[in-house]
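Numbering-wise, the numbering used here comes out as the position in the sequence shown, counting from 1, plus 274.
Every residue gets a Cβ at the ideal spot worked out from N, C-alpha and C, and that includes glycine.
Following: one structure in structure tokens, then a few remarks.
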Amino acid sequence: MILYHGSLERVAQPEIRESNRTLDYGTGFYATTSYQQAEDWVRRRMKETKEKRGYVNEYELNTEMLADLKCLYFDIPTEQWLDFVMKNRTDRHFSHDYDVVYGPVANDSVYAAFALYEGGLLNKQNLIAELKTFKLVDQYLFHTNKSLKTIKFLEAKQILL
């Protein structure tokens, strides 16, 4: 399986890095099966930072190696997915022990729905129903150094503004 990671850098050796913000699945290295999602992300970062180039890094995921890891999978938005994402996004001290987490991306459209939920204007069931109307892209979180051994760098495609 091929995965992509958008970055301002060529990332031949992925690392687990602490983030300065809360993320859907916690700290780690994020990738997606969507080239377009990775390219869109790097283009946004380039505009924010005024960088003239970025990269879509491509990796091969050895799915057989995942069998030896502690993995959490969410195929679609569910109450468990929502609880997990909200815990990661709202509690800076929350930590989990999964090596890999897979599921939908809470993108910009989804954040508006999350805000309604956080403000008490949508309940959990209505939020899940709302999210199922979006075409959500997927994401993988590689949360441990052990999990990073399941991906192999293939190439970095340069993106120019």
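{"query": "Alpha carbon of alanine 430 to alpha carbon of leucine 395, nearest angstrom", "result": "43 Å"}
{"query": "Cβ neighbour criterion (16 or more within 10 Å) applied to glutamine 311", "result": "buried"}
{"query": "Contacting residues, own chain, Cβ-Cβ under 8 Å from tyrosine 329 (five flanking each side not counted)", "result": "Gly280, Ser281, Leu282, Glu283, Arg284, Val285, Val316, Ala430, Lys431, Gln432, Ile433"}
{"query": "Glutamate 334 - partner residues in DSSP beta bridges", "result": "Ile276, Lys426"}
{"query": "Best match in Leu435, Phe427, Lys423 for proximity to glutamate 338 [C-alpha to C-alpha]", "result": "Lys423"}
{"query": "Where isoleucine 350 sits in the DSSP three-state scheme", "result": "coil"}
{"query": "Beta strand (DSSP E) runs contained entirely in the stretch 292 to 338, provided each spans 3 or more residues", "result": "303 to 305, 327 to 335"}
{"query": "Top-ranked residue by Cα proximity to aspartate 412, from Pro351, Asp342, Gly300, Lys324", "result": "Pro351"}
{"query": "Those residues which DSSP pairs with isoleucine 433 across a bridge", "result": "Gly328"}
{"query": "Classification of isoleucine 276 by the beta-carbon crowding that lies within 10 angstroms, buried from 16 upward", "result": "exposed"}
{"query": "Classification of aspartate 349 by the beta-carbon crowding that lies within 10 angstroms, buried from 16 upward", "result": "exposed"}
{"query": "Nearest residue (CA-CA) to glutamate 334, options Tyr414, Thr418, Leu435", "result": "Tyr414"}
{"query": "Cβ-Cβ distance between tyrosine 347 and tyrosine 304 below 8 Å", "result": "no"}
{"query": "Cα-Cα separation between glutamate 313 and lysine 398, rounded to whole angstroms", "result": "31 Å"}
{"query": "Residues near lysine 344 in its chain [Cβ-Cβ closer than 7 Å; skip 5 each side]", "result": "Asp371, Tyr372, Asp373"}
{"query": "From Thr418, Val379, Leu401, residue whose alpha carbon lies closest to that of aspartate 342", "result": "Thr418"}
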